[in-house]
Structure formats: C-alpha cells, structure tokens
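**Q** Take this structure first; my questions come after.
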C-alpha cells in the first residue's frame, strides 16, 4: 500500500492527511459504518448525474439497428457505454426529447414495425417506463419540448408521410392532436424558439422551414 510520504503533495496537505488517517484508525468497521449509512440520507452526499449529458440511443450500427445507449460528458470529453440502460429492442428513426430532467423516446422503427409507442427514461434512477401511445405510428418523426409539452411532428407510418402533429402532456400522460402542418414532413428536425412560444422545423429538402405557432 502506498504511504502518504510517497505521495507528491505539500507539507500542509500531508499534515491534514496524517491527522485524518490517525482519526480513522481509531475506529473499527462497526463504529464507522452506522454514521456512514446515516449520512447517505443527506442529499448532498448522494451519487449525482452530471448537469450536462448528451444521450444517444439506438440507430444503425455495423450489425444493423441497435438498442445501445451511450452518454457523453462534456466536462471530461468522454463517451460512456450504458449497457444496463439500453432499450428493450432495436430502434431507429425515433425522436428524443427531455422535459424536466426526464428523457422521452418517441416513435421509431424496429426493422419490422413502425411504432406509435413512447417511453421515458429517468437518468437518476436509470429506469424505463412506458407512456401513452401516440394516435399515429411515426418513424422519421421530429419532436421538441415547448412550454412543458412535447410536440411530435410528421413522420412516416410505413405507407404515408404525415402532416399531423401530436401534443403530449407529461402530467396527464395524454396525447392530443393539434393543428396540422402546411405539408407532409419526415426526417426533419425541431426545436423551441422565442422563449418557448414557437416551434422551428428544419427540413432535409430545404435549408430552413418557416416557423409556425402552435396553439
């Protein structure tokens, strides 16, 4: 075991470490364990998720459509594989949205089925749960959070491309049809702008689509 004297630290830090070591050495495991267990109730000592994490789920890999989840921590510039948090089945062409620290996965394609289903992932507890299904199956769907609601726009159901838009309320766990877009759209991007008052769509066939207000 490496000694404190072998560590490349200054004399003041060495003194603090030595005092801490002498203090801990006076206790056996039975004396130390109860206070440590009690301290876990302190919210400041609980394990934490970094405040900025990028989630990537599913998509196409070298072996086909996958269910893998990876996360990126920008503070250390590193990707992590999350095998235990992977999706229950392979998934591609879906949308992912965050609302209040919860990740929502919407629609998509499994290579055999076009989905109207949606699920949410709680990063703090690392648990998946199913939410209410959409009214229409949608792969190549785009989605965004706007005012606490999720808007799923357009997409493809295996036969038709959609101009329809659905609005999801996390509190009520309900999808509601809202005003259709002016044209069918799939494989687009969406984000909330203007203080979450408007939804801006980015299309593959044109550089920028006009923004429109959803009531």
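Numbering (my numbering), first residue to last: 690 to 904.
The beta-carbon is built from N, C-alpha and C at its ideal position, and this holds for glycine as well.
These numbers were taken from a predicted model, which means no experiment stands behind them.
#1: What does the Cβ neighbour count give for residue 836, buried or exposed, with the cut at 16 atoms within 10 Å?
#2: State the Cα-Cα distance for the pair residue 849 and residue 761, rounded to the nearest angstrom.
#3: Quick check: the Cα distance between residue 809 and residue 871, rounded to an integer number of angstroms?
#4: Along the chain, which unbroken stretches of the beta strand (DSSP E) at least 3 residues long are found entirely within the region 860-895?
#5: Please return the same chain residues whose Cβ sits closer than 6 Å to the Cβ of residue 806, not counting the five positions on each side in sequence.
#6: Which two residues bound the contiguous beta strand (DSSP E) that contains residue 838?
#7: Please state if the CB of residue 846 and the CB of residue 868 are separated by a distance shorter than 7 Å.
#8: From residue 815 to residue 853, what does the alpha carbon distance come to, in whole angstroms?
#9: Considering only the beta carbon of each residue, do residue 857 and residue 888 sit closer than 7 Å?
#10: If you check the beta carbons only, do residue 800 and residue 742 fall under 7 Å apart?
#11: Helix or strand or just coil, what does DSSP make of residue 772?
#12: Report the partner residues of residue 821 according to the DSSP bridge assignment.
#13: Leaving out five residues on either side along the sequence, give the residues of the same chain with a beta carbon under 6 Å from the beta carbon of residue 819.
#14: Which value, in whole angstroms, describes the spacing of the CA atoms of residue 864 and residue 832?
#15: Where are the alpha helix (DSSP H) runs, 4 residues long or more, that stay fully inside the region 780-816, in chain order?
#16: From what residue to what residue does the beta strand (DSSP E) around residue 742 run?
#17: May I have the straight-line CA-CA distance separating residue 860 from residue 795, to the nearest angstrom?
#18: Please name the residue in 744, 784, 766 whose C-alpha comes closest to that of residue 797.
#19: Sort 875, 746, 802, 830 by Cα distance to residue 773 and report the nearest one.
**A** On the basis of the data shown:
#1: Result: exposed.
#2: Residue 849 and residue 761 have their C-alpha atoms spaced approximately 35 Å apart.
#3: In a straight line, the C-alpha of residue 809 is about 29 Å away from that of residue 871.
#4: Listed in chain order, they are 863-867, 878-882, 887-891.
#5: Correct list, in chain order: 822.
#6: Segment 838-842, the beta strand (DSSP E) holding residue 838.
#7: Result no, Cβ atoms of residue 868 and residue 846 do not sit closer than 7 Å.
#8: CA-CA distance, residue 815 to residue 853, rounds to 32 Å.
#9: Not closer than 7 Å, so no.
#10: Residue 742 sits away from residue 800, with the two beta carbons spaced by 7 Å or more.
#11: Helix at residue 772.
#12: Its beta-bridge partners do not exist; DSSP assigns none.
#13: Sequence-distant partners of residue 819 (beyond 5 residues in either direction) whose C-beta falls short of 6 Å from its own C-beta, in its chain, are 808.
#14: Taking the straight line joining both Cα atoms gives about 13 Å.
#15: Segments of the alpha helix (DSSP H) lying fully in the region 780-816: there are none.
#16: 742-746 is the extent of the beta strand (DSSP E) around residue 742.
#17: Straight through space, the alpha carbons of residue 795 and residue 860 are spaced by roughly 17 Å.
#18: Nearest in C-alpha terms to residue 797, of all of 744, 784, 766, is 784.
#19: When the alpha-carbon of residue 773 is set against those of 875, 746, 802, 830, the nearest one is in 746.
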